[in-house]
Amino acid sequence: MGRHLAGKVFGKCGKGAVWLVLVLMAVIVCFPVAFVVSGAFSAQWELEQNLGPVLGSAEGMARWSLLPLAPAFQSLVELLMDSPQFFVMFWNSVKISLSILAGQMIFGIPAAWGLARFSFPGKGIVQMIYLVLMLMPFQVLMLPEYIILNGMGLLDTHLAVILPAVFSTFPVFIMQRFFHGVPEAVLEAARIDGAGNFQIFCSIGVPLGLPGILSSGLLGFLESWNMIEQPQTFLKTKALWPLSLFLPEIGLEEAGMGFAASLMMLVPALLLFLCGQEYLEQGIAAAAVKE
Amino acid sequence: MGKKKKLMRITALFFAFIFSFTVLSRASWQYGTAVVNVSRPENRMISHRVVSTGKVVQNQELAVVTEPDQRVTAICVKEGQQVKKGDLLFEIEMKLLDEKILSQQQEMEKQKLQVQDARSQKEVSAMQKADQQAQAAENYALNTESASVRLARARRQLSEARKKLKDFRKSSGTKPQDSGVEEALENAFQEKQEAYLQAARELAQLQWQIEKAVDDAKTQAQTGSARAGLELNDTVHTGMREGSADGLLEDMTPEVSAGSGQNGRAGELLPSAGQKAGEVSSIGAGWEESRDQLPESSVSALAAAPEDALLEDTTPELSGESGWQDTEGQTQGNMQADISGIGSAQTDIPGTDSIQMGNPASDNVQPGEGSWDDDVLLEDDSSEGDGQLGGTGQTDGSQGGGGGTEAPSENQNGSTNSLTQAQLEEVEKEVRADWQSRLDAAQSRVDQALQEKEAAQAALASYQQERLAAADSQEAQTEQQLVEAVQTANDAYVDASLAANEVSVTSGRAVASSGIPDASNSSDRMNEITYEQMELELGKLEELKASRGKVYAPVDGMITKINITTGEKTSDTTAILMADLEKGFRFVAEITREQEKYIGTGDLVTLTSGNKKMTLEEQEVTAVRASEEQEDIYEVTVELPADSFDIGTAVTMEFEKKSSAYPCCIPLSALHLDEKNQTYVLVTDEYQSVMGTELRARKVSVKVLEQNESYAALEEGSLTSQQQVITRSDRTVEEQSRVRIQK
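Chains as they are written, first to last, in our numbering: chain E, 1 to 291; chain X, 1001 to 1743.
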């Protein structure tokens, strides 16, 4: 009994310690978000005082207070009312992200279905190529992409950013995993019932692989929403820039607006994350599971 | 599921929120963008338009004046009225005018009497002056004569003493060698004495010359040209013959030098004296005769003289000397005759005079002593001759002197520029300074000659004493007494000779002083002038009376100002001022300094009357000059043709001056001035931004070459022809301001 009690107490203590560590880690992880939120509601002079040693020429160490000394909506109002550039870039980001998502759906879903459900000669090589390409960072692909886009006359257009992302291998890889999980019996039954391949894909494959498609979409959205290198490399015209390039343009004098912009930028990603949280988790898990 | 829907709704709201703020921020952005008008630099001319309003005024104003202190009874015109030549302007009261005329006539009569009084006074003064001069001349003659008498007496006494000594020696039989030594000593003494007297005479002559030079200088300084004055003025002093102290003195000068000549020089000097006499202009008949007789007269004078016996012993030099003396005397007499106008009678008088003077001296002269005596005599006479310079020949001389010295006073009367006493003294000082060195030299010569004479005299006396001491005591004593008597007489003679010199100089100075002119007196002429002025004034009054006190317009014109009032008296200023219409009109307008830069004489302007009824084009500007009353204001004058605008009409002048073409001209509204007073313009530049292609303003410093009220010409190269310059904006535009071009 005593042993049981001791075990119980130890179990409770261990649980408490775990909690403590987790909370601590959560706080550390969440700190940047809190940093952004408090910065967005701070007055410009306070930001300059605190961040001057880092961003400006002031002496001493940078400071930060979780609650601003002089809370103000000035930065947010300035961003919303006086910065049409922000909105231009916001909508550019929306346009790019949605276009990429749409492209990935159109080209990625059939590709993933084909690779998951059909056998054909060279399938292994294709899968290998997909895998290799997925692992390659943007810096490796940047030059070939630039040359190709320049050859196609697509530089300095949104398509220069959208098209490479549309044909990204990562969503195919995620969705292939989900489509692969569709039972073969169901497909056989459909075939017996006289359904063709396209009908099977549309009526059985897509609905059954929807979680995969959604998780792929969410991951794709987050990636394209935060994309920096591609637009910076392929877009010269500022009017075409996505929101991710808004912040690099901001200095210490507009730090408040930078924080407000970060907050606004955070919102759509956060909302989408909350909406598709379970699909996202499934997607990340699917990517992590080894066959 | 409900949570998902809620999240979806939130997402939708978020996007709606973003969309709405997109719209709002864009609206705000556009609101913050300045709307501007732009233009490109263009090639054009900068024209300057000068517009000014002025008035038409008359070219010439005419002042109508009348006699002062006249009562105005009626004024028949009013200001602004146009009148014709001969129109009645105003009338004055006749009664007052008559009184004024009468009063003026009475005043003139008084003035006339004053003129007569002044003339009479002047004549009396002149006569007094003449009398004064005649007196001085007479005194001179008397003084010199008495000195001559004393000199003659001393000479005679000396001759007697010598004769006695000679006789005694003859009777006592003095040894030849003794007499030879003593004679040599005596000769040496005589030479020294002669030299001393000569030096003394020269000194006296020099003093006389100095006095004469001083008088000359003063007279010249005071009269300017004495002779000119003489010729001009011969009316005041009647009975005075022409002649001048100058002439007299000039003539005297050579005589002095001639008189001072030694025995051997007498012959040489004679012709010069004659020649001098010959230069005198109006020479009487007597002079002619005497000149012809000059050689003979010297001889006849000698022959006629009772002392001829004495002179027989004298050397030829002596006779020549004597002859010269006579001739000199005649010459002077002739000159005096010329001056005084007396004629031939005087020619004899100097000769006689010299003979007379010679007579006492030669009476007792012993033949053996003639040489010494005559020397002295002749010297004496020549010094007498000096004395005659001022008025030789006594009576005649005094007349001549009177005539001669009167002349300067006439000059003085004719001259108006008399000098002050201080200036005259200054002149005198200068002249005396010029002569001072010669005077000092003459004085030193006199001193030296005196010392030498005294030494010679002492040597002679010592020899004589030694000789007499060795001789027989009785005879020696007698001879000693005789020698002493001779010495005493000699001393007396020397003293008399020096005294004669002094008298000559002193009296001559008195004569010259009396010749100095009196202060000028122009009162008679001044009174005459006053009378003439009154006469003119009366003429004007009578003219006014003749027109029955009515004053008429002298020309066609317009009355611009009336200074008289009915019932009041007139003043000596303008009664009525009128514009002379016959002389035309001109347009006068005021312009600013800025406008003055563009309009000048000869430019053609357009003139428009205030009511725009009449326009005159291409009227030439006749003058542009700075206003005397206002700073930075200029007056433009345009001569108007006849029958154009009326006097007083307000007229607008317009003128446009075009510059040469400038390649870079912008509207003046595009030009700005910064805080450093530098001109700049704002041009639009295209920028690529997040918002697309946007326009921003940029400052460009420029240099303005020329500008008018609309355009400014910029230095070439300031702007390109493609650049858009902001000419107008709906708000303040600064460097890097966003702008939007209004279409």
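Heads up, the beta-carbon is just placed ideally off N, CA and C, and yes, glycines get one too.
Are residue i and residue j close, meaning C-beta to C-beta below 8 Å?
i	j	result
G260(E)	L76(E)	The question names Gly, but residue 260(E) in the sequence shown is Ala. Cβ distance < 8 Å, so A260(E) and L76(E) count as in contact.
W91(E)	T1720(X)	no
F221(E)	L101(E)	yes
I1576(X)	L1089(X)	yes
K1583(X)	Q1114(X)	no
V1733(X)	V1038(X)	no
P33(E)	F107(E)	For the sequence presented, residue 33(E) should be read as Val rather than Pro. Contact: no.
A1697(X)	T1684(X)	yes
A1074(X)	E1099(X)	no
L1142(X)	A1496(X)	no
Y1662(X)	L1705(X)	yes
S1710(X)	L1668(X)	yes
E1735(X)	K1699(X)	yes
I1046(X)	S1659(X)	yes
Express the C-alpha separation of residue j and residue i in angstroms, rounding to a whole number.
i	j	result
F198(E)	G114(E)	11 Å
S1523(X)	A1118(X)	6 Å
M142(E)	M227(E)	13 Å
V1056(X)	K1561(X)	17 Å
A160(E)	I125(E)	27 Å
S57(E)	F35(E)	22 Å
L1616(X)	H1048(X)	20 Å
K1003(X)	G212(E)	21 Å
Q1356(X)	A1510(X)	Its pLDDT being 39, under 50, Q1356(X) is placed unreliably by the model, and nothing is read from it.
L47(E)	L247(E)	16 Å
L1695(X)	F87(E)	20 Å
G7(E)	L274(E)	38 Å
M1534(X)	E1067(X)	13 Å
S1713(X)	Q1724(X)	The residue asked about is misnamed: residue 1713(X) is Ala in this sequence, not Ser. Roughly 16 Å between the two C-alpha positions.
G11(E)	L5(E)	9 Å
G14(E)	K1005(X)	38 Å
P268(E)	S93(E)	11 Å
F173(E)	L210(E)	14 Å
M1526(X)	E1618(X)	60 Å
V1681(X)	I1726(X)	7 Å
Chain E beta carbons: is any one of them nearer than 8 Å to that of residue i?
i	result
G1002(X)	no
T1011(X)	yes
Q1630(X)	no
Q1688(X)	yes
L1695(X)	no
R1026(X)	yes
M1045(X)	no
T1732(X)	no
T1022(X)	yes
Spell out whether any CB of chain X is found under 8 Å from the CB atom of residue i.
i	result
Q85(E)	yes
K238(E)	yes
W241(E)	yes
W91(E)	yes
V161(E)	no
M81(E)	yes
Y146(E)	no
V88(E)	yes
P211(E)	no
V267(E)	yes
L274(E)	yes
Original post:
For the 8 Å Cβ check, are there 3 or more pairs between the segment 232–240 of chain E and the segment 168–183 of chain E?
Top reply: no
Original post:
Taking three-plus beta-carbon pairs below 8 Å as touching, is the segment 1598–1618 of chain X in contact with the segment 1541–1555 of chain X?
Top reply: no
Original post:
What are the complete alpha helix (DSSP H) segments, minimum 4 residues, inside the segment 1054–1137 of chain X?
Top reply: Runs of the alpha helix (DSSP H) inside the segment 1054–1137 of chain X: none found.
**OP:** Could you tell me whether the segment 1137–1157 of chain X touches the segment 1484–1503 of chain X, using the rule of 3 or more Cβ pairs below 8 Å?
**Re:** yes
**OP:** Count the CB pairs spanning the segment 1074–1088 of chain X and the segment 1556–1572 of chain X that are closer than 8 Å, and state whether there are at least three.
**Re:** yes
Original post:
Are three or more beta carbon pairs between the segment 1586–1593 of chain X and the segment 1633–1648 of chain X nearer than 8 Å?
Top reply: yes
Original post:
Along the chain, which unbroken stretches of the beta strand (DSSP E) at least 3 residues long are found entirely within the segment 1656–1704 of chain X?
Top reply: 1679–1689 and 1692–1701
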